[in-house]
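Below: the structure, in structure tokens.
Protein chains: 2
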Amino acid sequence: MEKIMKKGDLTRQNILSRAVDLASQLGLEGLSIGLLANTLNLSKSGLFAHFQSKEALQIQVLDAGALIFSEMVVRPAIQEPRGEPRIRAIFEKWIQWVQSKSNAGGCLFVAASAELDDRAGPVRDHLVKIQKDWLNTRVRVAMTGVEKGFFRSDLDCEQFAFEEHGIMLAYHHTARLLRDPKAEVRARQAFERLIQASQPPRSV
Amino acid sequence: MEKIMKKGDLTRQNILSRAVDLASQLGLEGLSIGLLANTLNLSKSGLFAHFQSKEALQIQVLDAGALIFSEMVVRPAIQEPRGEPRIRAIFEKWIQWVQSKSNAGGCLFVAASAELDDRAGPVRDHLVKIQKDWLNTRVRVAMTGVEKGFFRSDLDCEQFAFEEHGIMLAYHHTARLLRDPKAEVRARQAFERLIQASQPPRSV
DNA sequence: CAAAAATACGAACGGTCGTACTATTTAGAT
DNA sequence: ATCTAAATAGTACGACCGTTCGTATTTTTG
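So the sequence lines, in the order shown, correspond to chains A and B.
Numbering of the first sequence is given in numbering that gives the first Met the number 0, commencing with residue 0 and proceeding in unit increments.
Numbering of the second sequence is given in numbering that gives the first Met the number 0, commencing with residue 0 and proceeding in unit increments.
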């Protein structure tokens with residue numbers, strides 16, 4: 000049974016795929032229904048009928064983006080063995096995600112975070128949930144790093160995830176806005192320092 | 000001679016002050032001339048006459064924001080003594096800047112960076128210049144930290160500034176989007192770890 | 001105080017925005 | 001092949017966008 004999907008669902012997926020691209024460039028607010036329809040050779044009203052409001056579209060764009068992120072970053076990392084390999088895989092895939100050509104406009108969530116951090120409403124709430132989920136995932140992975148003995152037993156895993164996030168944000172900024180070719184090296188260096196500080200004290 | 004400023008320059012300053020606020024909430028693109036005029040009881044065309052285009056307005060908003068940042072962060076930090084006090088003052092004032100009530104919509108430059116990182120044109124170029132200036136300032140301050148012996152002589156000062164920036168970005172995200180009350184503690188902890196790693200090796 | 005220059009206003013322009021309604025086309029089931 | 005329901009198109013709406021222009025008002029200057 001391949002055909003669970005009616006035709007409408009297929010075009011909706013098509014729309015969302017393009018919408019994720021555009022939203023990463025123009026932001027969730029800057030993404031307009033008319034423009035989105037034009038780039039897909041659809042009528043504005045025909046496209047609009049798939050969502051009942053722009054707000055609903057924005058929420059589905061976030062979900063579609065999160066799904067891609069899961070497939071490109073979370074899934075391949077999760078199937079690495081627990082401990083060091085998985086921790087390093089997350090960072091590696093995350094870097095690749097930022098560089099990914101499908102992210103022509105930069106990471107959708109970096110853009111959306113800056114855009115929505117001071118707005119209220121369901122779109123913001125949805126973004127917060129997605130971001131907290133991703134944070135928690137990384138906290139848990141750090142915990143398995145502790146269990147496997149790769150990390151110190153007294154490591155503050157939430158602190159680890161916080162600092163890891165900071166490295167990625169600085170990388171995003173340095174690579175995408177400043178276009179500094181050293182950005183990736185800087186990010187890796189910072190990550191190695193974070194790893195080292197999280198490991199059991201060196202036997203001297 | 001107090002009156003170098005004609006009346007028009009005064010209102011222009013007023014406009015820019017409000018515009019910086021609004022832009023930090025709505026972004027540089029989301030900031031509209033009509034709305035800006037309304038909140039100031041000005042006519043749209045009267046306001047527009049001060050700038051000849053929205054693009055010019057956006058550039059001046061960035062400059063106005065950079066000026067406020069200079070006065071709230073750079074200047075007080077610079078007049079601290081070289082070395083550790085100045086380095087810590089930068090971080091401290093920077094944290095206060097993010098919390099500052101004048102930044103109701105979050106840091107203008109975080110918002111603008113995410114918005115403009117994939118656009119071309121003079122507004123983006125202007126933002127890049129401002130951001131590079133700030134980065135260079137911090138690199139130079141780190142260098143004086145080396146000269147004063149507070150930091151290791153082989154410290155990579157650009158790397159230091161990169162990681163410092165990451166901590167602030169993670170703080171911004173964690174405090175403003177996630178509304179995590181532990182954000183500030185996390186940021187301080189990360190900064191202490193960065194400081195410690197930058198200091199001369201502990202005599203054991 | 002008058003002349004000149006700077007500043008602000010009101011109305012209007014062509015566009016695009018999100019959304020609502022109605023029609024037309026298309027697809028799937030019988 | 002026909003009927004029904006889903007999917008898309010068409011049209012219109014009021015609101016707001018950035019921008020222009022002509023005019024009125026205020027400020028500065030001589």
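The C-beta atom is built at its ideal place from N, Cα and C for all residues, glycine as well.
Computed from a predicted model, the values in this text were never measured in an experiment.
Exercise. If you follow the alpha helix (DSSP H) that residue 10(A) is part of, which residue opens it and which one closes it?
Worked result: 6–29
Exercise. Are the beta-carbon atoms of residue 134(B) and residue 113(B) separated by less than 7 angstroms?
Worked result: no
Exercise. For the stretch 17–38 of chain A, which residues have a beta carbon sitting closer than 9 angstroms to at least one beta carbon of chain B?
Worked result: 23, 24, 25, 26, 28 and 29
Exercise. Do the CB positions of residue 165(A) and residue 168(B) come within less than 7 angstroms of each other?
Worked result: yes
Problem set entry | Straight-line gap, residue 83(A) to residue 179(B) (C-alpha atoms, nearest Å) | Approximately 28 angstroms, taken between the alpha carbons.
Exercise. Does residue 117(A) come within less than 7 angstroms of chain B when only Cβ atoms are used?
Worked result: yes
For this session: Let me know the secondary structure DSSP gives residue 39(B) once reduced to three states.
Result: Residue state for residue 39(B) is assigned as coil, using DSSP reduced to three classes.
Exercise. Can you name the residues of chain B whose CB is closer than 7 angstroms to the CB of residue 131(A)?
Worked result: 177
Exercise. What separation, rounded to the nearest whole angstrom, lies between the Cα atoms of residue 74(A) and residue 137(A)?
Worked result: Near 13 angstroms, if we compare the C-alpha coordinates of residue 137(A) and residue 74(A).
Exercise. At a Cβ threshold of 7 angstroms, is residue 101(A) touching chain B?
Worked result: no
Exercise. Which residues bound the alpha helix (DSSP H) around residue 149(A)?
Worked result: Residue 149(A) -> no alpha helix (DSSP H), and no H or E assigned at all.
Exercise. Smallest Cα separation from residue 36(B): which of 29(B), 47(B), 103(B) and 28(B)?
Worked result: Comparing Cα positions, the closest option is 47(B).
Exercise. Which chain A residues are close to residue 185(B), counting only those with a beta carbon under 7 angstroms from its beta carbon?
Worked result: Under the 7 angstroms cutoff, chain A gives 158 and 161.
Exercise. Would you say residue 1(B) reaches chain A, if we count a Cβ-Cβ gap shorter than 7 angstroms as a contact?
Worked result: Bear in mind that the predicted position of residue 1(B) carries a pLDDT of just 46, short of 50, making it unreliable; the figure below should be weighed with that in mind. Chain A contact via Cβ: absent.
For this session: Look at residue 58(B) and residue 43(B) and say whether their C-beta atoms are less than 7 angstroms apart.
Result: no
Problem set entry | CB of residue 197(A) within 7 angstroms of CB of residue 150(A), strictly | Closer than 7 angstroms, so yes.
Exercise. Going by C-alpha distance, which of 199(A), 186(A), 141(A) and 28(A) is nearest residue 206(A)?
Worked result: Coverage of chain A is limited to positions 0 through 203, which leaves residue 206(A) absent and any answer about it impossible.
Problem set entry | Alpha carbon of residue 118(A) to alpha carbon of residue 158(A), nearest angstrom | Looking at the two C-alpha atoms, the distance is approximately 26 angstroms.
Exercise. Since residue 167(A) is in the alpha helix (DSSP H), which residue starts that stretch and which ends it?
Worked result: 156–171
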